[in-house]
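Colleague:
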Amino acid sequence: MNTKKILIYGMLLLASFLLVVSTSCEKEEDDNTPPVENGNNSEEFVCGNEFTDPRDGTIYSTVQIGDQCWMAKNLAYLPEITYEDDWSSLTEPQYAVYGYAPGSGTETVAGAKASEHYGNYGVLYNWAAAMDGAESSEENPSGVQGICPPGWHLPSDYEWTELVDYVVAQGYPNEYGDPNGAGNALKSCRQVDSPLGGNCDTSEHPRWEDDWSGNNHFGTDEFGFSALPGGLRYFYGSFYEIGRYGTWWSASDRGIDYAWSRGIGCLFGDVLRLSNGGKNEGFSVRCLRYN
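Counted the way my numbering counts, the sequence shown spans residues 35 to 325.
#1: Less than 6 Å between C-beta atoms, sequence neighbours within five positions excluded: which residues of the same chain meet that for Asp166?
#2: Between the segment 127 to 146 and the segment 81 to 89, can you find at least three pairs of beta-carbon atoms closer than 8 Å?
#3: Smallest Cα separation from Leu197: which of Phe257, Gly156 and Asn154?
#4: With a threshold of 16 other CB atoms inside 10 Å of the CB of Val201, please say whether the residue is buried or exposed.
#5: Distance, Cα to Cα, Ser318 vs Gly264?
#6: Give the DSSP-derived three-state secondary structure of Cys234 in the structure shown.
#7: Using a Cβ distance threshold of 8 Å, determine whether the segment 279 to 289 contacts the segment 307 to 316, with at least three qualifying pairs required.
#8: Would you please state the rounded distance, in angstroms, between the beta carbons of Gly299 and Arg267? I believe it to be under 8 Å.
#9: Exposed or buried, which one is Trp246 when buried takes at least 16 other CB atoms within 10 Å?
#10: By how many angstroms is the C-alpha of Tyr155 removed from the C-alpha of Leu188?
#11: Pull up the DSSP beta-bridge partners for Lys221, would you.
#12: What number of angstroms, rounded off, separates the C-alpha of Asp101 from the C-alpha of Asn218?
#13: Cα separation between Pro184 and Ser222?
#14: Measure the beta-carbon distance from Leu112 to Val80 and round it to whole angstroms, keeping in mind my assumption that it falls under 8 Å.
#15: Taking the DSSP output, what are the residues bridged to Gly180?
#16: Check for me: the alpha helix (DSSP H) holding Asn250 runs from which residue to which?
#17: Please name the residue, chosen from Asn160, Trp186 and Glu118, that lies closest to Ala106 on a Cα-to-Cα basis.
#18: Would you say Asn314 and Leu124 are within 8 Å of each other, going by their C-beta atoms?
#19: Give me whichever residues DSSP pairs with Trp242 in a beta bridge.
#20: For Pro229, which residues of its own chain have a beta-carbon under 7 Å away from its beta-carbon, when the five flanking residues on both sides are left out?
#21: With a threshold of 16 other CB atoms inside 10 Å of the CB of Glu193, please say whether the residue is buried or exposed.
#22: Mind checking Asn83: buried by the 16 CB within 10 Å criterion, or exposed?
#23: Using CA atoms only, rank isn't needed, just tell me which of Glu126, Asn174 and Leu306 is closest to Trp161.
#24: Excluding the 5 residues flanking Thr254 on each side, which residues of the same chain have their C-beta closer than 8 Å to its C-beta?
#25: With 16 other CB atoms within 10 Å as the buried threshold, where does Gly205 fall?
#26: For the beta strand (DSSP E) containing Tyr279, name the first residue and the last one.
#27: Taking all protein chains shown into account, decide if Ile93 is buried (16 or more other Cβ within 10 angstroms of its Cβ) or exposed.
#28: So, under 8 Å CB-CB, Asp119 and Tyr270 are touching, yes? Tell me the CB distance rounded to an integer number of Å.
#29: Under 8 Å, do Tyr132 and Thr116 count as touching if we go by C-beta distance?
See below:
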């Protein structure tokens with residue numbers, strides 16, 4: 035084989051090698067984790083630092099719990115406000131702030147953000163708004179950015195279970211009547227008559243109502259998750275349970291009408307895995323960081 039043929043043969047081998055490497059890299063990158071974008075959404079972001087939502091400038095504390103990085107407060111992104119009382123649609127995005135319902139179509143985003151509970155508890159979304167057009171997911175990560183900012187996603191039912199399982203593994207059983215339960219460990223310590231005293235013992239919002247049942251269910255915030263009870267909005271327009279109960283959407287549906295969610299309350303110690311969350315009801319959202 036002469037020198038010219040050897041050179042051509044070598045160049046063909048090199049081209050084939052580069053093609054294989056390129057294809058392999060593309061396959062490795064093809065998962066449920068999208069590229070992370072600009073600002074403090076960059077790959078240099080460190081969990082535990084504050085995160086600024088580039089869409090509206092809202093600042094969120096973040097916390098590492100096991101292998102997961104969570105926002106440490108409820109999502110407050112509000113692209114619009116829904117003034118209709120009837121949220122019967124399962125597919126139209128709907129947004130509300132607890133208690134803000136002037137009626138007659140006079141609601142505004144600015145008015146909602148200036149209302150009593152927006153800064154403390156964030157926004158209540160129906161499932162369509164939380165998903166922002168994405169399909170249901172059971173994956174880990176869910177692959178559903180939904181209403182969350184770039185670099186973050188709406189956790190699947192599986193990812194919520196991972197959170198609770200981690201808390202249980204640290205010695206906080208997910209048991210309804212246990213004062214040392216997983217739900218109490220994830221709650222903010224801000225609660226009426228909290229035995230922890232100091233800033234934890236408060237009647238000012240945001241906070242939990244006291245456990246008037248006498249079973250000593252007080253938040254201890256062992257992990258910095260700081261769950262707060264944003265209440266809920268029923269599909270027919272009424273708001274309930276502010277200060278007493280919080281419900282958070284997952285990206286996993288349970289048929290046409292319902293989606294999986296998680297609930298924490300002031301009168302019990304566990305984290306409830308709820309299968310009866312109607313997609314047309316308004317719940318809170320917690321976003322989870324892509325690793």
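We treat Cβ as the ideally placed atom computed from N, Cα and C, and that holds for glycine.
Modeller: Taking the structure as given:
#1: As a first step, residue 166 must be located in the sequence shown, where it is residue number 132. Cβ within range, chain order: Gly180 and Ile181.
#2: no
#3: Position 163 of the sequence shown, counting from 1, holds the residue named residue 197. Looking at the Cα atoms, Phe257 is the closest of the given residues.
#4: Translated into positions along the sequence shown, residue 201 becomes position 167. Counting Cβ neighbours within 10 Å, Val201 comes out buried, since at least 16 surround it.
#5: Residue numbering aside, residue 318 sits at position 284 when the sequence shown is read from its first letter. Residue numbering aside, residue 264 sits at position 230 when the sequence shown is read from its first letter. Roughly 7 Å separates the two Cα atoms.
#6: Taking the first residue of the sequence shown as 1, we reach residue 234 at position 200. Correct three-state label for Cys234: helix.
#7: Yes, the segment 279 to 289 touches the segment 307 to 316.
#8: Position 265 of the sequence shown, counting from 1, holds the residue named residue 299. Position 233 of the sequence shown, counting from 1, holds the residue named residue 267. That belief does not hold up - the Cβ atoms of Gly299 and Arg267 are roughly 17 Å apart, past 8 Å.
#9: By one-based count along the sequence shown, residue 246 stands at place 212. When all chains shown are included, Trp246 counts as exposed.
#10: Here residue 188 is taken as the residue at index 154 of the sequence shown, counted from 1. Here residue 155 is taken as the residue at index 121 of the sequence shown, counted from 1. The straight-line gap from Cα to Cα measures roughly 17 Å.
#11: Residue mapping note: residue 221 aligns to position 187 of the sequence shown, counting from 1. DSSP lists Ala261 as partners of Lys221.
#12: The sequence position of residue 101 within the sequence shown is 67, counting from 1. The sequence position of residue 218 within the sequence shown is 184, counting from 1. Rounded to whole angstroms, Asp101 to Asn218 spans 21 Å at the Cα level.
#13: To locate residue 184, count along the sequence shown from 1; it is residue 150. To locate residue 222, count along the sequence shown from 1; it is residue 188. Those two C-alpha atoms are separated by around 26 Å.
#14: Position 78 of the sequence shown, counted from the first residue, corresponds to residue 112. Position 46 of the sequence shown, counted from the first residue, corresponds to residue 80. 27 Å between Cβ atoms; not a contact.
#15: The sequence position of residue 180 within the sequence shown is 146, counting from 1. Note: Gly180 sits in no beta bridge, so no partner.
#16: Locating residue 250 in the sequence shown gives position 216, counting from the first residue. Asn250 -> no alpha helix (DSSP H), and no H or E assigned at all.
#17: As a working note, residue 106 is residue 72 in the sequence shown. Comparing Cα positions, the closest option is Trp186.
#18: Looking up residue 314 in the sequence shown gives position 280. Looking up residue 124 in the sequence shown gives position 90. Yes, Cβ-Cβ distance for Asn314 and Leu124 is below 8 Å.
#19: In the sequence shown, residue 242 corresponds to position 208, counting from 1. Looking at the DSSP assignment, Trp242 forms a beta bridge with Gln225.
#20: Walking along the sequence shown from the start, residue 229 turns up at place 195. So the list reads Phe252, once near-sequence residues are dropped.
#21: Within the sequence shown, numbered from 1, the residue matching residue 193 stands at position 159. Per the 10 Å Cβ criterion, buried.
#22: Position 49 of the sequence shown, counted from the first residue, corresponds to residue 83. With fewer than 16 Cβ atoms within 10 Å of its Cβ, Asn83 is classed as exposed.
#23: What you label residue 161 is simply residue 127 of the sequence shown in a count that begins at 1. Comparing Cα-Cα distances from Trp161 to each of Glu126, Asn174 and Leu306, the minimum goes to Glu126.
#24: Numbered from 1 along the sequence shown, position 220 holds the residue referred to as residue 254. Answer for Thr254: Asn218, Ala219, Lys221, Cys223 and Leu230, listed in chain order.
#25: Position 171 of the sequence shown, counting from 1, holds the residue named residue 205. Its Cβ having fewer than 16 others within 10 Å, Gly205 is exposed.
#26: By one-based count along the sequence shown, residue 279 stands at place 245. Tyr279 to Asp287 is the extent of the beta strand (DSSP E) around Tyr279.
#27: As a first step, residue 93 must be located in the sequence shown, where it is residue number 59. Its Cβ having fewer than 16 others within 10 Å, Ile93 is exposed.
#28: In the sequence shown, counting from the first residue as 1, residue 119 sits at position 85. In the sequence shown, counting from the first residue as 1, residue 270 sits at position 236. Sure, about 6 Å apart at Cβ, within 8 Å.
#29: The residue given as residue 132 occupies position 98 in the sequence shown. The residue given as residue 116 occupies position 82 in the sequence shown. No; because the gap between Cβ atoms is not below 8 Å, this pair is not in contact.
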